[in-house]
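Trainee: Sending over a structure as structure tokens; questions will come in a sec.
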Amino acid sequence: AQKITQTQPGMFVQEKEAVTLDCTYDTSDQSYGLFWYKQPSSGEMIFLIYQGSYDEQNATEGRYSLNFQKARKSANLVISASQLGDSAMYFCAMREGHSSASKIIFGSGTRLSIRP
Amino acid sequence: GAVVSQHPSRVICKSGTSVKIECRSLDFQATTMFWYRQFPKKSLMLMATSNEGSKATYEQGVEKDKFLINHASLTLSTLTVTSAHPEDSSFYICSARPDGALRSPLHFGNGTRLTVT
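Here the protein sequences line up with chains U and H, keeping their order. Residue 1 is where the first sequence starts when you use the working numbering, and the numbers rise one by one after that. Residue 1001 is where the second sequence starts when you use the working numbering, and the numbers rise one by one after that.
Pasting the structure below:
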């Protein structure tokens, strides 16, 4: 069963606009973590933001914020004031459980393209 | 910050040969490391969990005899693609998290692009 679902294979956004990348997840664990990564064409994986299942506040990191809707099992990434350098693949990921050995699985990704 | 070094970044080999990929955590200890495979324009697929001092845990459908994993120390895991064939051509990427740092993200190496001719 698909555990992480990203329904937007590709998105085009005008520079300086905000963009929301969707992510829903499925787990029966009470303790889990949600991550967003950016992968530019160079292939490196860049960590953006983390949300723990028990965190009461939505995570924010600079221009990135995570809209965590626990009851709906969604963890959308919001990028404010988009920049040309934001063009990349974006992956939502989930860690189930609370062990440092807990694996992290990834969604199918969203390719974001920023238009000048 | 936590750095993961992966070598080589690119390798071309002939069919039937074996290729070893190294993954090192440079400034932290990692009892557990993770190996992923990524096809072009696709997501990262977890292949196996590498455990220091014990056998790796392979995901369903991943051949353990084809993809040998050795986690010899708290900072080094290796993936050996044995008897490589063209269908093994892919982007392999390792990752690790500092021991005990549950909220820490996985830190990724820069990946190895394997081409089997």
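Ideal placement from N, C-alpha and C gives every residue a C-beta, glycine not left out. Everything numeric in this text was worked out from a predicted model, so none of it was measured.
Grab me the residues of S108/U's own chain with a C-beta within less than 6 Å of its C-beta, minus the 5 sequence neighbours each way, in chain order.
Mentor: The answer, listed in chain order, is Q6.
Trainee: Could you pull the start and end residues of the beta strand (DSSP E) that C92/U belongs to?
Mentor: Looking at the DSSP string, the run of the beta strand (DSSP E) that includes C92/U is A88 to E96.
Trainee: Got a sec: is the Cβ-Cβ distance from S1043/H to anything in chain U below 8 Å?
Mentor: Yes, its Cβ sits closer than 8 Å to a Cβ of chain U.
Trainee: Is the shortest distance between the beta-carbon of R1103/H and the beta-carbons of chain U less than 8 Å?
Mentor: With 8 Å as the cut-off, R1103/H counts as an interface residue toward chain U.
Trainee: If we ignore side chains and look at the alpha-carbon of each, how far apart do E17/U and S87/U end up?
Mentor: Those two C-alpha atoms are separated by around 13 Å.
Trainee: Tell whether a beta-carbon distance below 8 Å holds between M89/U and T27/U.
Mentor: Not in contact: M89/U and T27/U (Cβ atoms no closer than 8 Å).
Trainee: At 7 Å on the CB atoms, spell out the chain H contacts of Y50/U, in chain order.
Mentor: Neighbours of Y50/U on chain H, chain order: R1103 and P1105.
Trainee: Below 8 Å CB to CB, which residues in the same chain sit around Q39/U once its five sequence neighbours on both sides are set aside?
Mentor: M45, I46, A88, M89, Y90, F91 and G109.
Trainee: Need the endpoints of the beta strand (DSSP E) that C1094/H sits in, please.
Mentor: Run containing C1094/H: S1090 to A1096, per the beta strand (DSSP E) assignment.
Trainee: Can you name, in chain order, every residue of its own chain whose Cβ lies under 6 Å from the Cβ of T24/U, other than the five neighbours on each side?
Mentor: Taken in chain order, the residues that qualify are T5, K73 and S74.
Trainee: Taking 8 Å as the threshold, find out whether the segment 1011-1027 of chain H comes into contact with the segment 65-84 of chain U through three or more Cβ pairs.
Mentor: The segment 1011-1027 of chain H vs the segment 65-84 of chain U: no contact.
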